[in-house]
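In the numbering used here, the protein residues as written are 437 to 863.
We put the beta carbon where it would ideally sit given N, CA and C, even for glycine.
As the structure is a computational prediction, the values presented were derived from the model and not from experiment.
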Amino acid sequence: MSSTSVFGAQWGDEGKGKLIDLLSRDADFVVRYQGGANAGHTVVVGKEKYVLHLIPSGILHRSKVNVISNGVAIDPFKFLDEVAGLRARGIHVDASNLRLSANAHVIFEHHRKLDQLSERWRGEGRIGTTGRGIGPAYADKAARTGLRVCDLLDPEHCRLRLRAALAEKNAIIEHVHGAEPLDLEGELDRYVAVGSSLAPFVADTGAEVRAAYKSNKVILFEGAQGAMLDIDSGTYPFVTSSNTGANGISAGASFPPRWVERAIGIAKAYTTRVGEGPFPTELDNAVGAKIREQGNEYGSTTGRPRRCGWFDTVAVRFALELSGADSWIVTNLDVLSGFETIEAAVTYDIHGKRVRDWPAATPDFSAIRPVYAQHPGWTEDITRVRRFEDLPQNARSYVEWLEREVGAKIVLLSVGPERDQVISRGL
Ligand code: IMP
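Structural data, given as structure tokens:
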């Protein structure tokens, strides 16, 4: 296979960073195609822990080409900070291994500010965004008022476009939100100046990735967030502003949909969610708190405690189907050690009716009552297990049960944060 999509099959934070780092060993190109610095991909290498927000996790392997393609919303200062942070830790980063699309939309300070101000207005309907300006930047893209990376490269042009955009946003910040407007001239100077630092990385990434595919290079598409946060198919409006699964690759990486040969979903052995919105299997009790503590479930981008609950086969089955994934990876299996009983939702009860498929057509998620199956747990520490047959019997049967219920092969299990803490089942 020379092109593979790897995506989150829940509400984000499935442990994609580690798995993409692992899978990118066999890849030539690692491509981010949506989202922005709202993502937080954690990779642990020996004693070193890296949290990447924008740059693909393949950057930790010297010979890989890492691509931020046109569908990503890029905060140029966060991008340069991340480059500097990696270099300071001895990671090689230059134009030979990091490429940035000229067509990627730019997240400006006014997007971040408006993201945070709008949340305050939403009150009960608050999304709980990461506050990184994602929604406002994608809104400007769709409204055709956004600026792209290529616009930053020409100082005169950038000044002209940004002046018009910011004048309007400042009026909204001041007169709609009653907040302090941004210093227009100061902002223009900052963004005009940053263009020259981005310039060395800028490329026609779509053309480069397509050319790589045609010359038989191995391409890995790194999804950010998760399928249930997808703007079209997720729990709208409590979603992010991009297409998070394999469905986002075609537009977001300028890569033909028929060329994506394989899709692999990633899901935790339980479920977590940060921010607001529907979460049918949420456990707002001591069991949920135990999962949070054992799994250290605190956001890598915002530090917020994650909401925790049991595995949801309805949601994951839906997520895998959306991306056409016939295999998946289960992470954090070790976190479930020590639970006497493990539960997982098999179907939903909605107004007295048993539903096996994700109810995408209902906006009333509060009517969902998960119907659970119970599994006996295990007490052993499994973080050192490397072969499936060495797992406790109850852990094996839980995994095999998940596989049957979801209807797709589990090709890898992760049993800890380190690179080598995996159990392969024929990836
Ligand atoms: P936004 O993407 O910052 O607009 O946030 C929209 C929703 O997506 C919020 O509920 C966020 O918590 C969630 N979200 C965004 N990025 C991530 C992520 O990388 N992991 C988990 N949740 C995320």
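Query raised in the report: From L624 to G788, what does the alpha carbon distance come to, in whole angstroms?
Result: As a working note, residue 624 is residue 188 in the sequence shown. As a working note, residue 788 is residue 352 in the sequence shown. Answer to the nearest angstrom: the Cα atoms are 58 Å apart.
Query raised in the report: What distance in whole Å lies between the Cβ atoms of D793 and F754, which are believed to be in contact at a cut-off of 8 Å?
Result: Translated into the one-based positions of the sequence shown, residue 754 becomes position 318. Translated into the one-based positions of the sequence shown, residue 793 becomes position 357. That pair is a contact at about 7 Å.
Report task. Indicate the three-state DSSP secondary structure (helix, strand or coil) for F465 in the structure shown. Result -> Taking the sequence shown and counting its residues from 1, one reaches residue 465 at position 29. Here F465 sits in strand by DSSP.
Query raised in the report: Hey, quick one: how far does the beta strand (DSSP E) through H787 stretch, first residue to last?
Result: Walking along the sequence shown from the start, residue 787 turns up at place 351. Careful: H787 lies outside any beta strand (DSSP E) and carries neither H nor E.
Query raised in the report: Hey, would you say E450 sits closer than 8 Å to A781, going by beta carbons?
Result: On the sequence shown, residue 450 is found 14 positions in, with the first residue counted as 1. On the sequence shown, residue 781 is found 345 positions in, with the first residue counted as 1. Taking 8 Å as the Cβ cut-off, E450 and A781 do not qualify as a contacting pair.
Query raised in the report: Beta-carbon separation of G659 and S441 under 8 Å?
Result: For the purposes of this step, residue 659 is taken as the residue at position 223 of the sequence shown. For the purposes of this step, residue 441 is taken as the residue at position 5 of the sequence shown. For G659 and S441, yes; Cβs fall inside 8 Å.
Query raised in the report: Using 8 Å as the threshold, is the stretch 667–675 in touch with the stretch 482–490, meaning 3 or more CB pairs across them?
Result: no
Query raised in the report: In this structure, what does DSSP give as the bridge partners for K704?
Result: Here residue 704 corresponds to residue number 268 of the sequence shown, with the count starting at 1. The partner list for K704 (beta bridge, DSSP) reads T767.
Query raised in the report: Between A524 and chain C, is there a C-beta pair that is closer than 8 Å?
Result: Included in the structure is just one protein chain, with no chain C present.
Requested in this report: Go to S439, then tell me how far its alpha helix (DSSP H) extends in each direction, as first and last residue.
Outcome: Within the sequence shown, the letter at position 3 stands for residue 439. Premise fails: S439 lies in the beta strand (DSSP E), 439–444, not in any alpha helix (DSSP H).
Requested in this report: For the beta strand (DSSP E) holding L589, just list the boundary residues, first then last.
Outcome: Along the sequence shown, read from residue 1 onward, the residue named residue 589 stands at position 153. Neither: L589 is in no beta strand (DSSP E) and is coded neither H nor E.
Query raised in the report: Can the beta-carbon of S860 be found closer than 8 Å to that of N768?
Result: What you label residue 860 is simply residue 424 of the sequence shown in a count that begins at 1. What you label residue 768 is simply residue 332 of the sequence shown in a count that begins at 1. Cβ atoms of S860 and N768: not closer than 8 Å.
Report task. Mind reading off the beta-carbon distance from L550 to K605? Whole number of angstroms is fine, and I expect it under 8 Å. Result -> Start at 1 with the first residue of the sequence shown, and residue 550 comes out as number 114. Start at 1 with the first residue of the sequence shown, and residue 605 comes out as number 169. With 8 Å as the limit, L550 and K605 qualify as a contact, their Cβ atoms being about 7 Å apart.
Query - For D748: DSSP bridge partner residues - result: To locate residue 748, count along the sequence shown from 1; it is residue 312. DSSP output for D748 lists A781 as bridge partner(s).
Requested in this report: Figure out for me which residue from L458, A475, P806 has the closest Cα to the Cα of V750.
Outcome: Locating residue 750 in the sequence shown gives position 314, counting from the first residue. Comparing Cα-Cα distances from V750 to each of L458, A475, P806, the minimum goes to P806.
Query - 8 Å Cβ cutoff met for N539 and R468 - result: Locating residue 539 in the sequence shown gives position 103, where the first residue counts as 1. Locating residue 468 in the sequence shown gives position 32, where the first residue counts as 1. Contact: no.
**Report entry** Cα-Cα separation, E560 to Q829
**Finding:** The count along the sequence shown starts at 1 and reaches residue 560 at position 124. The count along the sequence shown starts at 1 and reaches residue 829 at position 393. Cα-Cα distance, rounded: 45 Å.
Query raised in the report: With respect to 7 Å, is the separation between the Cβ of V479 and the closest non-hydrogen atom of the ligand IMP below this value?
Result: The sequence position of residue 479 within the sequence shown is 43, counting from 1. The answer is no for V479.
Query raised in the report: Quick one, which of L772, T819, I685 has its alpha-carbon nearest P812's?
Result: Within the sequence shown, residue 812 is the residue found at index 376, counting from 1. The shortest Cα separation from P812 among L772, T819, I685 belongs to L772.
Query - Through-space distance from P512 to G735, alpha-carbon basis - result: Residue mapping note: residue 735 aligns to position 299 of the sequence shown, counting from 1. Residue mapping note: residue 512 aligns to position 76 of the sequence shown, counting from 1. Looking at the two C-alpha atoms, the distance is approximately 22 Å.
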